Ligand SMILES: [Ca+2]
Ligand SMILES: [Ca+2]
Ligand SMILES: [Ca+2]
Ligand SMILES: [Ca+2]
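In the working numbering, the protein residues as written are -5 to 411.
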């Protein structure tokens, strides 16, 4: 009986994590939500959820809705509406951030179209429902989406910010925190974004979320209403570099260039050449033997829309001691431009370091053979442990032991490796 109860709990929690607001199918590629079904209740619409992502309160705690006309003043995810410009039945979903509760809310959608969704057009209205008390900082509630998240606050997922879907404070000059009618035309503005070339695979989920940070003073309430999402399917134009970040280029001052590293440029469904801008402090070459630095933007033609091309990069010779990090564009007609980043360092010249020298602690009583050991590190030549040869003159290196003459109080040793 106990096992049976436990099973029920597990199923319930899995359903909570994976429930969706909507499933796009071949026959229906449009979603719309006016949030009015929230009524004046405290329950999120199916698939929607809210939580505390930051603040002094318990991080990750699920936040039910707070129904308010905009006068609520604690950190919360809010169900807002007022009998004003529109009836109180016109609801919107928003949030209020505080030091203890920085809220996040959102939902997920499933692609069941049996095709790749390549275009995601998101439209909504942003409504301000409460003014903030600080006229210096303009508040912003940040929008992000993810195609690999498994939950609203999945820290391991890739979240992409889309600034045109941010909720940017409208009443920026107010200094009193007070309710306002978010349905007044002056307090509401259309927001939109069209995400193109998305490889949103069938059978997988899109997550969207807005997160609201605490700003100085009493924060305003910012909400979303009349959200629509329309998708189209097709074949995305894809462009990639593997890896995306080339790191650990290095050489010692005066000994450059660095060794070259490989970069695989891939693309599919391409309709034009692929261009890679030239970095300032790195050289790019189509071959590594010999490495022939290109003098202008790389311009590579795909074959039948496909590209799989290895190129090589290295840190330029003659640079001053220091770190070199930069990014360049990888682009092609119709594809989303992506970045390739390079980082490396020119190290200062370093003298070899001799350490752990071991010599007899008592003077020999007669001419005898004594053992001397030492270790040398030579960072410039990338040596960490070296076999030593010893001698009392340069050019005469006899090995790991040396014969000392009793009459010599002090000898100078020369070492080589
Ligand atoms: Ca509404
Ligand atoms: Ca509204
Ligand atoms: Ca805020
Ligand atoms: Ca605040």
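All C-beta atoms, glycine included, are put in the ideal place defined by N, C-alpha and C. Just so you know, these numbers come straight off a predicted model, no measurement behind them.
Only buried fits residue 338, as 16 or more other CB atoms lie within 10 angstroms of its CB. Spanning the alpha carbons of residue 214 and residue 128 requires a straight line of approximately 9 Å. With 7 Å as the limit, the residues whose C-beta approaches any heavy atom of ligand 4 more closely are 91, 92, 93, 208, 209, 210, 211, 212, 213, in sequence along the chain.
In this structure, ligand 1 has a non-hydrogen atom nearer than 6 Å to the beta-carbon of residue 85.
Residue 41 is positioned such that its CB atom lies closer than 7 Å to that of residue 101. Distance from the Cα of residue 24 is smallest, within the candidate group 35, 206, 205, 227, for 227.
Only residues of its own chain outside the window of five on either side were considered, and among them 320, 322, 336 have a CB closer than 7 Å to the CB of residue 273, listed in chain order. Take the alpha-carbon of residue 45 and the one of residue 68: they are about 14 Å apart.
Relative to the non-hydrogen atoms of ligand 3, the Cβ of residue 206 comes within a distance shorter than 6 Å of at least one.
Distance from the CA atom of residue 85 to the CA atom of residue 126, rounded to whole angstroms, is 21 Å. Spatial neighbours of residue 343 in its own chain (CB-CB distance under 8 Å, excluding positions within 5 residues in sequence) are listed in chain order as 246, 247, 248, 374.
The DSSP-derived three-state label of residue 102 is strand.
The alpha-carbon separation between residue 135 and residue 285 amounts to approximately 48 Å. Across the structure, residue 294 and residue 243 are spaced so that their CA atoms are roughly 24 Å apart. Closer than 6 Å to some heavy atom of ligand 3: that describes the Cβ of residue 133. For residue 308, the enclosing beta strand (DSSP E) covers residues 301 to 309. With 16 or more other Cβ atoms from the protein chains shown falling within 10 Å of its own Cβ, residue 105 counts as buried. A straight line joining the alpha-carbon of residue 262 with that of residue 232 spans about 5 Å. When the five nearest sequence neighbours on each side are left out, the beta carbons in the same chain lying within less than 7 Å of the beta carbon of residue 224 are those of 23, 24, 115, in order along the chain. In terms of side-chain proximity, the C-beta atom of residue 148 is found no nearer than 6 Å to any non-hydrogen atom of ligand 1. With respect to residue 59, residue 36 sits close: the two C-beta atoms are nearer than 7 Å. Judged by DSSP in its simplified three-state form, residue 227 adopts strand.
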